[in-house]
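Numbering (my numbering), first residue to last: 166 to 902.
Even for Gly, the Cβ is constructed at its ideal location relative to N, Cα and C.
Remarks on the structure that follows.
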Ligand code: ADP
Ligand code: ZN
């Protein structure tokens, strides 16, 4: 069997135009029969790496995953694309599981999801003896390692799969792996030859913001209103916090449900389900929420309280924007949370564990107080260098900096540190400066110091910021023990003695924290009103089919529909996310809504201008399918000769040719063109219909003209920069208002 072109499959089966980074290389590795270890961040697109090869290979692809709650959603999504997929796990009644396995034995399944426990079930071992497995995918592969955070003893049995099917390539996938865990995976699965793929952990579509804790509730309301058309998760520190906050939001007219481990399992399940199905938009949660959720369109993640570690923070924010669309992550930071967490940590009994926790919290606090790029800091923490000087996608990079005269406040702070004996942490010193009268303060007699109350006009958090700045400037140091007590450094003393002026630079708080497109990211200008109507339709179709809405179409697909206004099946099929099966299933419903919206407003279809940059790379890359077609065409072969040589249909070669032209290649098409008389009629028909669409042109010309012929003429016109209509580019419509 010849291997189908993987780019074609990407479009026809999954509806996508382009691979995400590394996907194509990983897929090719499996198709070459080699094992692979895939490290990608959440949202990197791991599933496609084994799902697409599953369609190329003859036998069954087994996917092992510990996340039982996700299996059904994944299988629903595959089935919506016409892929024969199923799952067996403890939630499936035995007779159903038997039926599924019978399907597998009969060769009617392409992908079967199982939980690792299944391997120990005798009936399943028997099944493995009677089925042809051609690929083994191990999802969440870090679960095999005791060094990881999610060890599953059952994962230790997975090597039996390798032994039972020595010829089937194994793909291990994970989003979290230190070098130690990585080695463990390779060793435990016995895949020493696996090619290792490590994607960048930079989530380009996420914007990272840190806000002061002061006025956090008002700020949260604003954020939720700004992101009113997407889902949001608000992470809180305690169970009680989640319930209180949900109630407070409810009072402000924003429906939110709390989620934490103390709730009844049935309640938790329903909340999760309602969130996934877009029945409730906001969930206030402890970190117990999220593991079992694959929702691709979470647009906002808020940390209402300070997380304990950057690992946790990165993982939780990673749940935003899996679909690659712009999404926002906001952390509220204030001194009170810092104290609460420090308090928890000091209760940890084990000495070394306590030290580790303290160290991790310090890094988290440092992140919150940064005056440099937050993305760069995050990536550095995970061992990845970030070479841009500004990311454009964090509050620090987006803010202006301001210089301020810090001479007086620095003198006050340093004096207070000295007067209190350099034995106290920032919180105490700041209380003294602000004229506090707490018990500890009175007991220490510090309310009688001359520095008491000399900085009343400063906010507490503001003073904390200045302490950090003085620390950065080398005038203040902190002890390494748990008290983090402040001391004045020799240069600090020098500064006091000489009474020098001091200028510090601080980040001006961002006035406008509305989500903004980041430079270099794809941004669509779409019609909001239509988008909302399409979302309603998606929701109704999903309810009727009992699946989550994103299984029907992702937000990106709806945005494209609301931007390009496709009005024929042909144009609809060009939308991202529309593969063959979804075209047949959903085109009519969506086209009706689009036409109903467009017609009264007199809006015409817009050609889906190809994204040049991405495509240029795809078409130029050595060895890419486009490159191969291009080389053959340039060597003088005709379309039909290329199609024979490459064993691809003429329609496929034609689609390559269109894409090559769109990305700016020049090809001589003259000798492929129909005779002059037919050419003139086709040109005229494009002009008459004033559109790039083939269907109306064909209607006008009749069956005597093939689509292939029309596509070729269209490509030729495109190459010459001639648009349908009056010969100018009048039909390149303006974006809808
Ligand atoms: P991960 O498992 O790495 O977190 P997923 O496999 O769940 O990521 O993919 C995240 C989202 O990206 C899904 O909604 C998926 O459909 C989408 N996706 C994957 N590959 C592509 C692609 N090549 N083009 C567009 N969307 C993609
Ligand atoms: Zn930045």
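Assigned with DSSP and collapsed to three states, residue 358 falls in coil, not helix or strand. Here the alpha carbon of residue 709 sits roughly 10 Å from the alpha carbon of residue 703. Judged by their CB atoms, residue 449 and residue 426 are not nearer to each other than the 8 Å cut-off. Within the same chain, Cβ atoms closer than 7 Å to the Cβ of residue 748 are found at 734, 737, 738, the five residues on either side in sequence being excluded. DSSP lists 652 as the beta-bridge partner residues of residue 642. The set of residues with CB atoms less than 5 Å from any heavy atom of the ligand ZN reads, in chain order, 538, 540, 556, 559, 562. Annotation note: the segment 522-560 contains the following uninterrupted alpha helix (DSSP H) runs of length 4 or greater, listed N- to C-terminal: 539-546. As a beta-bridge residue in DSSP terms, residue 252 pairs with 278. Within 7 Å of the C-beta of residue 183 there is at least one heavy atom belonging to the ligand ADP. In this structure, residue 238 has its beta carbon at no less than 7 Å from each heavy atom of the ligand ADP. The beta carbon of residue 437 sits closer than 8 Å to those of 234, 424, 454, 457, 458, all from its chain and outside the five residues before and after it, given in chain order. Assignment of beta-bridge partners to residue 303 by DSSP yields 229, 337.
Shown here, residue 296 sits in coil according to DSSP, grouped into three states, outside any helix or strand. Between residue 832 and residue 822, the C-beta spacing is below 8 Å.
At a cut-off of 7 Å, the beta-carbon of residue 694 does not count as near the ligand ADP: no heavy atom of the ligand is closer than that. Residue 180 sits buried, since 16 or more C-beta atoms from the chains shown fall within 10 Å of its C-beta. Distance from residue 673 to residue 567 at the Cβ level is roughly 5 Å; contact confirmed, criterion being Cβ atoms closer than 8 Å. Apart from sequence neighbours up to five positions away, the residues of its chain that approach residue 411 with a beta-carbon distance below 7 Å are 421, 422, 423, 449, ordered along the chain.
Taking all protein chains in view, the Cβ of residue 393 is surrounded by fewer than 16 other Cβ atoms within 10 Å, so the residue is classified as exposed. Looking at the backbone, the Cα of residue 587 and that of residue 661 are separated by about 15 Å. Assignment of beta-bridge partners to residue 570 by DSSP yields 668.
With fewer than 16 other beta carbons inside 10 angstroms of its own, residue 382 counts as exposed. Relative to the ligand ADP, even the nearest heavy atom lies 7 Å or more away from the CB of residue 336. CA-CA distance, residue 883 to residue 694, rounds to 31 Å.
Beta-bridge analysis with DSSP links residue 492 to 371. Relative to the ligand ADP, the beta carbon of residue 207 is positioned inside 7 Å of a heavy atom. When beta bridges are read from the DSSP output, residue 497 appears opposite 376. Within the same chain, and ignoring the five residues on either side of residue 590 in sequence, the residues whose Cβ sits closer than 7 Å to its Cβ are 648, 649, 650, 651. Ranking 753, 481, 219 by CA distance to the CA of residue 472 puts 481 first. Counting every other CB atom within 10 Å of its CB across the protein chains shown gives residue 808 a total of 16 or more, marking it as buried. For the beta strand (DSSP E) assignment, the uninterrupted runs of no fewer than 3 residues enclosed by the segment 372-446 are, from N- to C-terminal side, 396-400, 421-424. Residue 268 and residue 293 have their alpha carbons spaced roughly 13 Å apart. If you compare the alpha carbons of 243, 207, 221, 209 with that of residue 742, the shortest gap goes to 243. The alpha-carbon separation between residue 691 and residue 838 amounts to approximately 36 Å. In the three-state reduction of the DSSP assignment, residue 448 falls in the strand class.
Selection 707, 570, 824, 461 evaluated against residue 485 yields 461 as nearest (Cα-Cα).
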